[in-house]
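Just so you know, we're using the numbering used here here: the sequence shown kicks off at 3 and counts up by one. Beta carbons are placed, not taken as given, at the ideal position from N, Cα and C, and that holds for glycine. One structure is given below, encoded as structure tokens.
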Amino acid sequence: MQRWQRCRPLSRRVFRAIESPIPQTHARPQSTGRYLAQQCSDDFKSVKTIIQGRGLKKVYVLLTMDCETARSDVTPHARRMSGSGPADYRESERSIYFYVETAKAYGFPVTFFAHPEVALENADLLQKLQAQGACLGLHLHPYKLRGGRYRHDLGAYSARTQREIIQEAMEIWASALGKAPRYFRAGYFSANDCTFDVLRELGFVGGSLSNPGRVLPAHCSVWAGAEPYPHRAHLGFRLIRGNSDFINVPVSAAFGRPVAQGHAGEQGYEWSYVPHTYDHRAIIRDVLNRFRTEDHRFGTLVTDSHNDQDYSDPGHLARQNLELILSSIGNFCGQMEMIPVGITLDALCELVLSDGDA
3 MQRWQRCRPL
13 SRRVFRAIES
23 PIPQTHARPQ
33 STGRYLAQQC
43 SDDFKSVKTI
53 IQGRGLKKVY
63 VLLTMDCETA
73 RSDVTPHARR
83 MSGSGPADYR
93 ESERSIYFYV
103 ETAKAYGFPV
113 TFFAHPEVAL
123 ENADLLQKLQ
133 AQGACLGLHL
143 HPYKLRGGRY
153 RHDLGAYSAR
163 TQREIIQEAM
173 EIWASALGKA
183 PRYFRAGYFS
193 ANDCTFDVLR
203 ELGFVGGSLS
213 NPGRVLPAHC
223 SVWAGAEPYP
233 HRAHLGFRLI
243 RGNSDFINVP
253 VSAAFGRPVA
263 QGHAGEQGYE
273 WSYVPHTYDH
283 RAIIRDVLNR
293 FRTEDHRFGT
303 LVTDSHNDQD
313 YSDPGHLARQ
323 NLELILSSIG
333 NFCGQMEMIP
343 VGITLDALCE
353 LVLSDGDA
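Rendered as structure tokens:
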């Protein structure tokens, strides 16, 4: 295999650094001017040189969507546990497609965490999007699996039972999409101190498992004090950095904007959950200010949504919020002398793995 063949998948996922002058008020990753397409690690050095030479700091932008099982396809207990999800898989397909189209208009790629049933029912679309550069991972609420055998969120279970549940979900997902998933996010960000090691043993490379500051015991999701930046997971204690080869990419919490009751009923901080009525401009500003102050190598804005939002409708709240978030990223990055770099989870995991200090 030639070197360029090995690098091609990366070039689709790690998007572009702007070569032409960036307007101070709107630093979109794709707007005007010429761009440098990054091919491999050698090219990362070239982009880094350009950015450093112009005094700009990279901010990674990771847009994600949790693709939930249709509400018509789950038990009453599952609907009580989690009300998210489309009415049917046609609604799911429309939401997924137009989420991508909206992100694409601003120059950003997308990462999807698909529940096994969505992998089955929307397989053609998901495979097409993956071929175009999207990253696909596994999403999982145990009680939404067909058959209704499980009653609780993932973090409620022992390592042995988590392994059984995730393996079952992996087999369905792989039967639909032709290969095993390598990236993961649990519903409600539910996890315990066994979860990272179970995922690593099952062959997962990384995931977006944590929501720093979240306290939601009812769904076994407690991330108070958790590491806020992409990092190697600790296999014995989920809240801190470790030295494993499993990469965790937390969602980006706005630590200056605490909430007593967030969209899922949790204590914690506002974050870029697209459908919510949070002040999304203020969230982006807060997170970017933290990145500027702390100067971390992998400052990453991570958003999330669900496949039950009508992104085809420009007047829909989630569509308006998504456009507000994406335009705010450009505007604030321009003001703060930062450059937004759209990235998918698989590409970001590769970068963190290649960094000896992450």
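Distance cut-off 6 Å: residue i Cβ against heavy atoms of the ligand ZN
i	result
Phe293	In the structure shown, the ligand ZN is absent, as is every other ligand, since no ligand is present at all.
Distance CB(residue i)-CB(residue j) smaller than 7 Å
i	j	result
Pro214	Ala178	no
Gly139	Phe110	no
Thr346	Cys137	yes
Gly209	Arg187	yes
His282	Asn333	no
Ala161	Val224	no
Asn124	Ser94	yes
Asn245	Ala235	no
Tyr91	Ala121	no
Gly264	Leu241	no
Pro232	Phe300	yes
Val76	Met340	no
Val261	Glu272	yes
Met172	Ala182	yes
Leu319	Val63	no
Tyr152	Ala80	no
Met338	Arg292	no
Arg216	Gly270	yes
Arg202	Phe248	yes
Leu204	Glu268	no
As assigned by DSSP and simplified to three states, the class of residue i
i	result
Met338	coil
Phe257	strand
Glu272	strand
Gly264	coil
Thr346	coil
Arg240	coil
Tyr185	strand
Leu204	coil
His79	helix
Gly180	coil
His2	No answer is possible for residue 2: it lies beyond the span of the chain, which begins at 3 and ends at 360.
Ala228	coil
Arg71	According to the sequence shown, residue 71 is Thr rather than Arg. The answer is coil: DSSP assigns Thr71 none of H, G, I, E or B.
Ser86	coil
Leu355	helix
Ser223	strand
Val16	For Val16, the pLDDT reaches just 39, beneath the cut-off of 50, and the residue's location in the model is therefore unreliable, although a value from the coordinates is still provided. Here Val16 sits in coil by DSSP.
Lys59	strand
Gly215	coil
Thr66	strand
Ala193	coil
Cut-off 6 Å between Cβ atoms - residues of its own chain near residue i, not counting five sequence neighbours on either side
i	result
Pro252	Ser212, Pro214, Pro230
Val112	Leu65, Val102, Ala105, Ala136
His221	Asp155, Tyr190, Ser192
Lys59	Met340
Pro118	Ala171, Ile174, Trp175
His143	Ser84, Gly189
Leu326	His282
Asp312	His318
Asn194	Gly157
Gly150	Thr77
Phe206	Arg184, Phe186
Test: residue i CB closer than 7 Å to a CB of chain C
i	result
Gly208	Within the model displayed, chain C is absent; a lone protein chain is all it includes.
For residue i: DSSP bridge partner residues
i	result
Val251	DSSP, once it has assigned bridges, lists no residue as partnering Val251.
His233	Asn250
Gly332	Bridge partners of Gly332: none, in fact.
Chain-order list of residues whose beta-carbon lies under 7 Å from that of residue i (same chain, five-residue window excluded)
i	result
Arg287	Phe334
Ser86	Glu70, His308, Asp310
Ser74	Ala89, Asp90
Gln361	Within the shown structure, residues of the chain are numbered from 3 to 360, placing residue 361 beyond reach of any answer.
Ala284	Arg259
Tyr1	For the chain, the structure presents residues 3 to 360; residue 1 sits outside this window and is missing.
Proximal residues to residue i (C-beta, below 8 Å), its chain only, five neighbours per side dropped
i	result
Leu127	Glu95, Ile98, Tyr99
Gln129	Leu179, Gly180
Within the region 92 to 171, ranges of the alpha helix (DSSP H) (whole runs, at least 4 residues): 118 to 123, 125 to 133
Entirely enclosed beta strand (DSSP E) segments - the region 282 to 309, minimum 3 residues: 302 to 305
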